[in-house]
Amino acid sequence: MKMNRRKLVSNISMAMLLVVLIAFIFMDKESKIKGFPVPMSAIHINDDKEEDYQYISVMPITKASGWESLGENGHTVTFKKGERNVTVIHYPGELTFYLFEKKVNMGDKIKM
0 MKMNRRKLVS NISMAMLLVV LIAFIFMDKE SKIKGFPVPM SAIHINDDKE
50 EDYQYISVMP ITKASGWESL GENGHTVTFK KGERNVTVIH YPGELTFYLF
100 EKKVNMGDKI KM
């Protein structure tokens, strides 16, 4: 009976650990670009440029909740939300993702 209890506790512990790991992989967190989600496993690489951000992630950034995907073009995926466009670049064989947000100037908009 004692061995069965240990085995049961061990199995439950392993199942809980597996559920936490799966949830960690598929959850999102906010990136340095305000409002744009990246996988929870993504690690921000501190860089000198303020306009682009680099992340290392095992999970690809192919969808972003709340953002409309404008499609893929080679190694580039572009997302849109309102007036904002965020481009994600990922080169094959690398774990690094580059995020860019194109700034829209209010003076560039055509008034109707």
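Numbering that gives the first Met the number 0 applies: residue 0 is where the sequence shown begins, and numbers increase by one.
We put the beta carbon where it would ideally sit given N, CA and C, even for glycine.
Excluding residues up to 5 positions away in sequence, T77, F78, K79 lie with their Cβ nearer than 7 angstroms to the Cβ of L69 in the same chain. For the pair F96 and V87, the CB atoms are nearer than the 8 angstroms cut-off. DSSP places K33 outside both helix and strand once states are collapsed to three, so it counts as coil. Within the DSSP secondary-structure output, N10 pairs in no beta bridge.
As DSSP reads the structure, S68 sits in a beta bridge with F78. A check of alpha carbon separations from H89 across G81, L98, E82 identifies L98 as the nearest.
Using a Cβ distance threshold of 8 angstroms, P36 and S64 count as a contacting pair.
In the DSSP assignment, L98 falls within the beta strand (DSSP E) that extends over 95-101.
With distances taken between CA atoms, R83 lies nearest to I32 out of I32, P91, N72.
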